[in-house]
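Below is one structure; the comments refer to it alone.
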Amino acid sequence: MTPQHRVPRRTRAVSVASEAWRNLTSGTSRPLSVVLLLVVVLGGVACADIRTIVGLSQDALAYRESGAAVEVFAAEGAVSGQRCDALGSLPGVMGAGATRQADLQATFLTAPRAGIVTIEATPGLAGVLGIDEVAGAGEWLSDQAVDTLGADAGTVVPTDQGSVMIAATYAYPDDAGDRTLAYAAISPVPADGDFDACWVLTWPPSQTIDALVRATYSGDPADAGSSSFGQLNTRLGATFDGVELFEGRATATAPILAALFGLVLGALVVWVRRLEIAGALHARVSKAALISQILLELVVLTVASIVILLPATYVLAVQGNPDPWWPAWIAGFRAVLTGSVAVLMGAVLTAATMSERRLFRYFKDR
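Just so you know, my numbering puts the end of the sequence shown at 582, numbered straight through with nothing missing.
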């Protein structure tokens, strides 16, 4: 007669779900403690990474606004306006335009002694100055000139050469090395003819464009040595390597730290219930059913923590971010997702090592 083997009874899916629900509602699975730890630790790691990325975006904006990403090639009367303006169509070039001082200098009658300089510029200079919209045909006024005249975009101001429409205004860095456009009224003109300087804004900054900027020189090659080339503002350094800064940020290891924490937490959650699990195995509950039950409990808790962290991380990704919010949010939220998956893995691996043969030892160690 073949001896009968003890075969654990199969637990139905409904029984597994109901048992998991009872453990959650009764506090057996310590739901509040687990969710609190997940929110505090995973949320803290994710939020730190998000704010670090937002900080890098703010640094990049400050670099652009300082004029550090603008290169100026100056050669009086020897810069091709067409070549300079054409640079604006190249990849990575946000704007390129040529400038020259106007032959006729207008005097603004509302401030006749202000000394506002009239500059002629090709249309591409708008991209360099960050002018996105213009209120019709007219001149572009620097922020310092705006303060002097009390005029804004759309305003008509009188000059000794007739009334002038202010089509746009622009901000100019106070510490820029070239002050040509700091206190000026710029008149857009066709790119035909020669100009005094070529202004090029590239982002991210790239030295590969330098040779092309110098190639806008249209004068006598023998006089090329009198030209000058350099950054509009050197205060923040010669380059801004956003990729290197992003990859080398202090919080780049956030997903790894979150994963390690998740594995430890998942294992700990199961380990503190070792006596309960061994007792269930002794009562012929299958290990597969127990693992499924524990997994279901932790899925509920990790999902709850994710739901709590969604709005918090979104707010931190949006607040003070000059760039679209979602890249920073996704990069930071990876820590939450990685840590949550690690919790499940740690719990499953630990539960798989539990045995009813250790019931007496677990009972003694309780």
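C-beta atoms are modelled at their ideal positions from N, C-alpha and C, and glycine is treated no differently.
By the three-class DSSP mapping on this structure, what secondary structure does Arg316 have?
In the sequence shown, counting from the first residue as 1, residue 316 sits at position 100. Note: Arg316 maps to strand in three-state DSSP.
By alpha-carbon positions, which one of Asp265, Ile335, Thr241, Gly343 ends up nearest to Gln469?
Here residue 469 refers to the residue found at position 253 of the sequence shown. A small correction: the amino acid at residue 469 is Thr; Gln does not occupy that position in the sequence shown. Of Asp265, Ile335, Thr241, Gly343, the residue nearest in Cα terms is Asp265.
How many whole angstroms separate the CB atoms of Ala475 and Gly555, which I take to be in contact at a CB cut-off of 8 angstroms?
Sequence index remark: in the sequence shown, residue 475 carries index 259 (1-based). Sequence index remark: in the sequence shown, residue 555 carries index 339 (1-based). About 6 angstroms; that satisfies the 8 angstroms criterion.
Quick one: what's got a C-beta closer than 8 angstroms to Ile425's C-beta in the same chain, skipping five residues either side?
On the sequence shown, position 209 is the one that residue 425 refers to. Taken in chain order, the residues that qualify are Glu287, Leu303, Leu306, Gly308, Val309, Val416, Thr418.
Determine the DSSP secondary structure at Leu252, reduced to helix, strand or coil.
In the sequence shown, the residue the question calls residue 252 occupies position 36. Residue state, collapsed to three classes: helix.
Would you mind sorting Gln509 into buried or exposed? The rule is 16 or more other CB atoms within 10 Å of its CB.
On the sequence shown, residue 509 is found 293 positions in, with the first residue counted as 1. Its Cβ being crowded by 16 or more others within 10 Å, Gln509 is buried.
Can you tell me whether DSSP reads Glu349 as helix, strand or coil?
One-based indexing of the sequence shown puts residue 349 at position 133. DSSP places Glu349 in coil when its eight states are reduced to three.
If we ignore side chains and look at the alpha-carbon of each, how far apart do Asp301 and Leu481 end up?
Taking the sequence shown and counting its residues from 1, one reaches residue 301 at position 85. Taking the sequence shown and counting its residues from 1, one reaches residue 481 at position 265. Those two C-alpha atoms are separated by around 60 angstroms.
Helix, strand or coil for Arg222? Go by DSSP, reduced to three states.
Translated into the one-based positions of the sequence shown, residue 222 becomes position 6. Residue confidence for Arg222 is low, a pLDDT of 46 falling below 50, so the modelled location carries little weight and cannot support an answer.
Ala413 bridges to which residues according to DSSP?
Start at 1 with the first residue of the sequence shown, and residue 413 comes out as number 197. Ala413 is bridged to Ala290, Thr315.
What is the DSSP secondary structure of Ile337, reduced to helix, strand or coil?
By 1-based counting over the sequence shown, the position of residue 337 is 121. The sequence given here has Ala at residue 337, not Ile. Reduced to three states, the DSSP call for Ala337 is strand.
Check the DSSP bridge columns for Ala384 and list the partner residues they point to.
Within the sequence shown, numbered from 1, the residue matching residue 384 stands at position 168. Ala384 is bridged to Trp356.
Which ranges would you report for the alpha helix (DSSP H) in the segment 464 to 538 if only whole runs of at least 4 residues count?
Runs found: 470 to 487, 490 to 498, 503 to 534.
Would you report the Cα separation of Phe164 and Ala233, rounded to the nearest angstrom?
Because residue 164 is not part of the residues shown, which for the chain are 217 to 582, the question remains open.
Output needed for Thr364: all residues of its chain with C-beta closer than 6 angstroms, excluding positions within five of it in sequence on either side, in chain order.
Sequence index remark: in the sequence shown, residue 364 carries index 148 (1-based). Excluding sequence neighbours, Thr364 sits near Ala327, Ala330.
Could you tell me the alpha carbon to alpha carbon distance between Gln360 and Gly366, rounded to whole angstroms?
As a working mapping, residue 360 is identified with position 144 in the sequence shown. As a working mapping, residue 366 is identified with position 150 in the sequence shown. Answer to the nearest angstrom: the Cα atoms are 10 angstroms apart.
Who pairs with Gln377 in a beta bridge, going by DSSP?
Mapped onto the sequence shown, residue 377 falls at position 161. Looking at the DSSP assignment, Gln377 forms no beta bridge with any residue, so it has no partner.
Quick one: using the 10 Å Cβ neighbour count with 16 as the cut-off for buried, is Ser521 buried or exposed?
Sequence index remark: in the sequence shown, residue 521 carries index 305 (1-based). Per the 10 Å Cβ criterion, buried.
Distance, Cα to Cα, Glu355 vs Ile269?
Numbered from 1 along the sequence shown, position 139 holds the residue referred to as residue 355. Numbered from 1 along the sequence shown, position 53 holds the residue referred to as residue 269. About 38 angstroms.
What would DSSP say about Thr569, mapped onto helix, strand or coil?
For this step, residue 569 is matched to residue 353 along the sequence shown. Coil, per DSSP.
Excluding the five sequence neighbours on either side, which residues of its own chain have a C-beta within less than 8 angstroms of the C-beta of Ile335, listed in chain order?
The residue given as residue 335 occupies position 119 in the sequence shown. Cβ within range, chain order: Thr315, Arg316, Gln317, Ala318, Thr396, Leu397, Ala400, Ala401, Ile402, Ser403.
Does DSSP put Tyr279 in a helix, a strand or coil?
For the purposes of this step, residue 279 is taken as the residue at position 63 of the sequence shown. In the structure shown, Tyr279 sits in a helix (DSSP, three-state: H, G or I).
Quick check for students: name the residue ranges of the alpha helix (DSSP H) that lie wholly in the segment 393 to 452, counting only runs of 4 or more.
Runs found: 426 to 430.
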